[in-house]
Amino acid sequence: MATPSLRGRLARLGNPRKPILKPSKPLILANRVGERRREKGEATCITEMSVMMACWKQNEFRDEACRKEIQDFFDCTSKAEAARKMRSIQGESGNLPPKKLNMLLQRFPNKSHVS
């Protein structure tokens with residue numbers, strides 16, 4: 001009994017130029033992309049926020065008693081925001097949002113779609 005991978009190899013040996021997969025649509029670029037949302041990053045400063053809220057609960061939501069925890073949380077959020085801005089400047093300069101990409105694709109359409 002032949003395994004599926006062996007059957008595939010045997011089919012290719014018979015005619016090596018014939019493609020195995022047949023595309024259902026022509027293999028040309030479309031003039032628009034899908035409108036999907038960008039994925040969100042991971043949550044930051046969760047432990048600092050939890051400590052701050054636990055302090056508030058213990059001290060009946062008085063800010064004076066939890067000044068250190070609040071300051072720690074704000075410091076963490078400002079550091080995370082600065083890191084996010086640095087990543088967006090450095091790493092994501094090549095990615096365009098779908099709206100801008102569709103606008104550019106409509107301005108410069110693919111010639112094979114214009115017929």
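Residue numbering for the sequence shown follows the working numbering, starting at 1 and increasing by one per position. Where a beta carbon is used, it is the ideal one built from N, C-alpha and C, also for glycine.
- Your pair P98 and G41 does not check out as a contact, with CB atoms roughly 18 Å apart and the cut at 8 Å.
- If you check the CB distance, W56 and C45 do not come in under 7 Å.
- In the DSSP assignment, A54 falls within the unbroken alpha helix (DSSP H) covering 46-58.
- Distances from the alpha-carbon of T47 to those of L105, S88, D72 put D72 closest.
- The C-beta of E60 has fewer than 16 other C-beta atoms within 10 Å across all chains shown, which makes the residue exposed.
- Contact between N110 and I28 is confirmed by a C-beta separation of about 6 Å, below the 8 Å threshold.
- Burial is judged here by how many other beta carbons sit within 10 angstroms of a residue's own beta carbon; M52 has at least 16 and is buried.
- Put simply, the backbone Cα of S50 is about 39 Å away from that of K100.
- Rounded to the nearest angstrom, the Cβ distance from N102 to R32 is 5 Å, consistent with a contact under 8 Å.
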